[in-house]
Amino acid sequence: MEVDEENSVSTSVTEPMTVEADGNQTVVSGVGGISLQPVTASVPPTIPPPPVIPSIASGPIVPPSIPRPLAPIPVRPPVLRPPVAQNGETRGSGSDSDEDEAGPSRGTTGASAEYEISEESRLVRERQEKAMQELLMKRRAAALAVPTNDMAVRARLRRLGEPITLFGEREMERRERLRNLMAKLDSEGQLERLMKAHEDEEASGSATQGEGLEEDIEYPFYTEGSKALLDARVDIAKYSIVKAALRLHCARRKRDDPDEDLDAEIDWALKQAGNLVLECSEIGDDRPLSGCSFSCDGKMLATCCLSGVARTWSMPEVKKVSTLKGHTERATDVAFSPTGDQLATASADRTAKLWNKEGSLLNTYEGHLDRLARIAFHPSGKYLGTASFDKTWRLWNVETGEELLLQEGHSRSVYGISFQNDGSLAASCGLDALVRVWDLRSGRSILALEGHVKPVLGVSFSPNGYHLASGGEDNTCRIWDLRKRKSLYVIPAHSNLISQVKFEPQEGYFLVTGSYDTTAKVWSSRDFKPIKTLSGHEAKVTSLDVVGDGQYIATVSHDRTIKLWSGRNSEKEKTMDVD
C-alpha cells in the first residue's frame, strides 16, 4: 500500500513515466528534467508483489487525465540572467531571439561606451564612402548628354567659366573633363542654374552686338600687317618664282642630259669631303667663340665670341682683317650677307647689328624682348631673320632697319633660323623640340615637324629645296622631306648635343654637324653615312660653316680656336707623290 501511495503521488506530479520492477527494487524515471531516486520496497521478501503492478506499468501507455491548459509546462530549464541594463550597459542572453532583439540597442547604445572605432576601421570606412561617391558620380556622368564636336565642347566649357583647353590636352580628354564637371555640378544641383544664367548672358550679348559678333566668329584671328610687310611679301614671291624655276630647270637638265653622271659627281664630292685635313688653327679671341660664317666668295671668315667682339679674317691664311666692337653683351652669332660684303651679328643685349667688312657699324635692329640666338640672311640679301629667347623670330629690312614681321608660334624660346635657297620658305627651331616651316609669301605655318625629344638648336635647308636637316640636344640629326611631310632619316650623329648643322651650299652633296663632344662630322646626303670625323678641338664645337664649293670647312669652339679644314692639301700631296 505504501508503494501505491508513492506511485500515485509521483503520477500526480510528473508526466508519463515508466516503472520497472526488478527484484525488490522499483525505479521510476520522471519527465521534465527531474529524476526520482529508486525507492526500496518495505514488503517482506517472502510476500510476493501485489497484483496492482500491471496497472501501474500501463501508466506510460495511458496518459493521466490532467488538463494540459491548466498545467504549468516548463519550456526549458531556468537560466540565470544578468541584472537589467542600466545607464547604457548591455545585458547577455542565452537565446537567439534575445540576441536579435537586443542587437540594435547594443549597437546604438553600447558601441560608444565599450568599443572605440580604430583608425584603420575609420580609414576603411572613408575609402568605402569615397568609392561609393565616385561610382555614383560616374553613373551620373555617363547619363549626361555631352557634345561630341570639339568646338561645341569648348563653347560649353567657356559657358561654365572653365578654361577651354589645358596644356597638352586632347579632344577626348577635353570632353571627359567637361563630362566630369557637369556631373559634379549636377550632383550639387547647380548645373541647370549655371547653364540658364550663361544662356541668358549669351542671349543678351548677341542682342546688343548683332552682326559684329557673327563676323568675329566667322573669320579667324589674324594680325593686320603693315604696307612694308605686304611689299616685302610681294618682292619675296617674285624673287622665289625666278629662283625656283631656275632650280627646277637645272634639275631637269641633269636628269635628261645623257652626259651628266650624277652618281659620279656625288662620289667625287664625297671623296673630296673624305680627304679633309686640318690646314690651319688660329686663336680667335681671349674668350670662347660662339659663331662663324664665310663670305659669299669664300675669301673672308667672320667670327664672334662671348666678349661681344666680332672679327673678320682673310682666307685661307686666317689673318685678322678687322675688329667689330659695339655689343654690350656676349655675341651669339654672326652671318655674312649672300650678296655683298656686309655682315650681321646677334647679341645677348637684345639687338642685332649690321657691319661692313672694314668694321664700320651700318645699322642696329632693336625690338626683341630677350637675348638673341641665331641669325640668317634671306637669299635676296634684303632681309634679315633673327631668333630670340622671347619665343619669337623677326624679319627686318636690312637697309631701313624696320621690323617687318614679328612671328610667334613656338611655345618656348626660338634658337635657330634658316631660309630656303629659293627664298620662299623659312624654318625655325626652338627649345620646344619643334621645327616649324613658314611660307614667307603668305605668312602661314605650313609644317610643324615633330620628332625630336629635346630642344632643337640647329636647322639648315638643302640646296635641292625639299630636304631639311635639324639637330638638337637629343644627340641626333633628323632629315626631313618636305614633300612627304615627315622624317626621312634619323642620324645618331654624336655622343653629345648637336650645336649646328649645315648642308654644303652649292649642291648639298654632304652635310656637316658640329657637337659638344668636341668633334664635327661629315655625312653623305645620298645615304646619310659618315664620311669624315673632324677631330682636333679640345672643347665644345659651337658653330661651323662650309664654303661655297665645299673645299673648306671652318669650325669654332670654346677652346677659343678657329680650325680650317681643307681638301685641297690632299690633292697637292697626291700631285707631289706622283711627281
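If you're matching positions, the sequence shown starts at 8 in this note's numbering and goes up one per residue.
C-beta: ideal position from N, C-alpha, C; glycine also.
Nothing here was measured: the structure is a model prediction, and the numbers come from that model.
N-terminal and C-terminal residue of the alpha helix (DSSP H) that residue i is part of
i, result
"S247", "234–263"
"V160", "157–166"
"K191", "178–195"
"A271", "269–281"
Proximity of residue i and residue j at Cβ, strictly below 8 Å
i, j, result
"K280", "V529", "Position check: residue 280 holds Ala in this sequence, whereas Lys was assumed. Yes, the Cβ-Cβ distance between A280 and V529 is below 8 Å."
"D552", "A546", "no"
"H588", "A440", "Outside the shown range of the chain (8 to 586) lies residue 588, about which nothing can therefore be said."
"A359", "L313", "no"
"R163", "P170", "no"
"V7", "L296", "The question about residue 7 has no answer here: the residues shown for the chain are numbered 8 through 586."
"R182", "L151", "no"
"I382", "T393", "yes"
"G388", "P345", "yes"
"S467", "F510", "yes"
"V316", "A338", "yes"
"V328", "T319", "yes"
"M144", "A190", "yes"
"E410", "G374", "yes"
"R240", "R448", "yes"
"S288", "M307", "no"
"H565", "T540", "no"
"D340", "A309", "no"
Top-ranked residue by Cα proximity to residue i, from the options
i, options, result
"R492", "R448, R443, A527", "R443"
"R357", "D270, R294, L173, D377", "D377"
"A244", "P386, P154, N282, R129", "P386"
"L456", "Q349, G437, A342", "G437"
"N404", "K306, A138, L236, R381", "L236"
"S469", "R262, G478, M139, G515", "G515"
"F396", "L411, S435, L368", "S435"
"S532", "V548, Q513, G196", "Q513"
"L432", "E123, W320, Y246, E511", "Y246"
"R451", "G479, D264, E195, L413", "L413"
"D481", "E409, S522, D340, T335", "S522"
"L368", "L142, L331, G557, S354", "L331"
"P323", "D340, G305, S542, E415", "G305"
"D270", "V548, D534, S550", "D534"
"G479", "D524, G291, K234", "D524"
"Y559", "A159, N282, D274, M158", "N282"
Rounded separation between residue i and residue j - CA only
i, j, result
"W487", "L285", "31 Å"
"R177", "S420", "23 Å"
"R567", "H501", "21 Å"
"E231", "S573", "49 Å"
"C311", "D266", "44 Å"
"G472", "F426", "10 Å"
"T526", "C484", "14 Å"
"L571", "D429", "29 Å"
"I569", "R259", "40 Å"
"Q197", "T399", "43 Å"
"E133", "E126", "11 Å"
"I538", "Y496", "16 Å"
"G555", "W445", "25 Å"
"F301", "L173", "45 Å"
"A355", "E272", "43 Å"
"S542", "L518", "16 Å"
"S194", "P499", "55 Å"
"K250", "H544", "38 Å"
"H474", "S233", "32 Å"
"K536", "D268", "21 Å"
"I453", "L130", "56 Å"
Residue i: first and last residue of the uninterrupted beta strand (DSSP E) it sits in
i, result
"E409", "First-last for E409: undefined, no H or E at that position."
"S573", "568–573"
"R490", "First-last for R490: undefined, no H or E at that position."
"P537", "537–542"
"V466", "463–468"
"C436", "432–437"
"R318", "317–321"
"C299", "296–301"
"E373", "368–373"
"I171", "Segment: none, I171 is in no beta strand (DSSP E) and carries neither H nor E."
"Y559", "559–564"
"Y473", "From DSSP, Y473 is part of no beta strand (DSSP E); its letter is neither H nor E."
"T483", "Careful: T483 lies outside any beta strand (DSSP E) and carries neither H nor E."
Would you be able to state if there are at least three C-beta pairs under 8 Å between the region 496–512 and the region 241–256? Cβ pair count under 8 Å is below three, so no.
Segment contact flag, the region 462–471 with the region 421–436, C-beta cutoff 8 Å, min 3 pairs: yes
Do the region 363–371 and the region 337–350 meet, that is, are 3 or more Cβ pairs less than 8 Å apart? yes
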